[in-house]
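Numbering (the working numbering), first residue to last: 176 to 568. From the three backbone atoms N, C-alpha and C, an ideal C-beta is built for every residue, glycine too.
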């Protein structure tokens, strides 16, 4: 795979495993075993069965007729919001819990921003009867309160991260500290295509079911498995990587990744990593991240709890650097307006993360015959409070 990972865990200049010595055995165990485990026929059968009968896959590819009229192209929504637990996060959580079981782990930890990955992890731990601890920033716990309640209902312990910006970055730091303290019996289910190798590759593989299904569904609906454009929002970037995965080697397919501009890329309150960032190391991998001239991480900001991450997955950093994908950004205001439009034109209330990708349509021009696929990464129930406050409903 031209844009895939090499044997050293790098995508071009990005990737690797920059980790404290205490974590080396955990990461090395994963690196040595993950490919064999996930290629095992028994693993694949169990994974596929759970995706079908528990998650509800394949998720529909919906031809959004009113959107198609508005934007002058064939607009398709890949409906990850219809998965059990309400987003794409469950795909990876199922894959990693099955992996953890085969590695003999007795305890699971995770980090979460918007809460969707936390809910997905708590869900699969309940399903498998395994202890679950989720780290979440205090600010995110307040703005995503329904998801905190869901995690507790599912039996997980939710631990607040009260340092720094009290959001996703800080929750990730806390989870890594926990893992260093509990290296033998604990598996860390990272929720995005970030972290030390092999996580970015592993998460991308579990999420690649999104683009695998999309190709088959497009072929059925249009007679061609390749669209002209594929759009997805990007924080760390797992829904986008899943949506792009099986199109990467088809250079004619234009990939558009949409980051959170927050209050504007030059406002000082943004999470537009590729616009504002430089190369460096964050959470165990070499990537592009927002940092000060002396290398301190800059606090990201977005109204969307799932996109306020100061970095980007290393594979995304590579796709950006080699111009395989276009990276762009959308402000809070643009995203919220796009979320309202989708609700009222298609009867689908999208997560604010997803709304960033939908807003990008306003900035593009299409030919009438173009097929355009947007990953509807999650549903907007968790964001109703934010929408209500913004629009004064």
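Might you give, ordered along the chain, the residues of its own chain that have their beta carbon closer than 6 Å to the beta carbon of residue 533, omitting 5 neighbours on each side? 513, 517
Helix, strand or coil, according to DSSP, for residue 176 in the structure here? coil
When we look at the beta-carbon of residue 199 and count the other beta-carbons within 10 Å, is it buried (16 or more) or exposed? exposed
Which residue marks the beginning of the alpha helix (DSSP H) containing residue 381, and which one marks its end? 374 to 382
Mind checking residue 563: buried by the 16 CB within 10 Å criterion, or exposed? exposed
Pair every Cβ in the stretch 354 to 361 with every Cβ in the stretch 319 to 334, then say whether three or more of these pairs are closer than 8 Å. no
At which residues does the alpha helix (DSSP H) containing residue 202 begin and terminate? 199 to 214
Starting from residue 272, trace the beta strand (DSSP E) both ways and give me its first and last residue. Segment 264 to 277 is the alpha helix (DSSP H) holding residue 272; no beta strand (DSSP E) there.
Residue 566 to residue 321 span [Cα, whole Å]: 20 Å
Rounded C-beta distance between residue 394 and residue 425? I'm assuming under 8 Å. The pair is not a contact, with the Cβ atoms about 13 Å apart (cut-off 8 Å).
Checking 8 Å against the spacing of the C-beta atoms, do residue 531 and residue 433 come in under that value? yes
Local Cβ density within 10 Å of residue 251, reported as buried at 16 or more and exposed below that: buried
DSSP three-state call for residue 289: helix, strand or coil? coil
Taking the alpha carbon of residue 340 as the reference point, which residue from 295, 385, 282, 472 has its own alpha carbon closest? 472
In chain order, which alpha helix (DSSP H) runs of at least 4 residues are fully inside the stretch 288 to 332? 291 to 303, 313 to 318, 320 to 328
Measuring only the C-alpha atoms, how far is residue 352 from residue 486? 19 Å
Whole alpha helix (DSSP H) elements within the stretch 428 to 508, 4-residue minimum: 448 to 451, 489 to 496
Run the CB neighbour count on residue 468, radius 10 Å, all protein chains shown included, and call it buried at 16 or more, exposed below. exposed
Extent of the continuous beta strand (DSSP E) to which residue 237 belongs: 236 to 238
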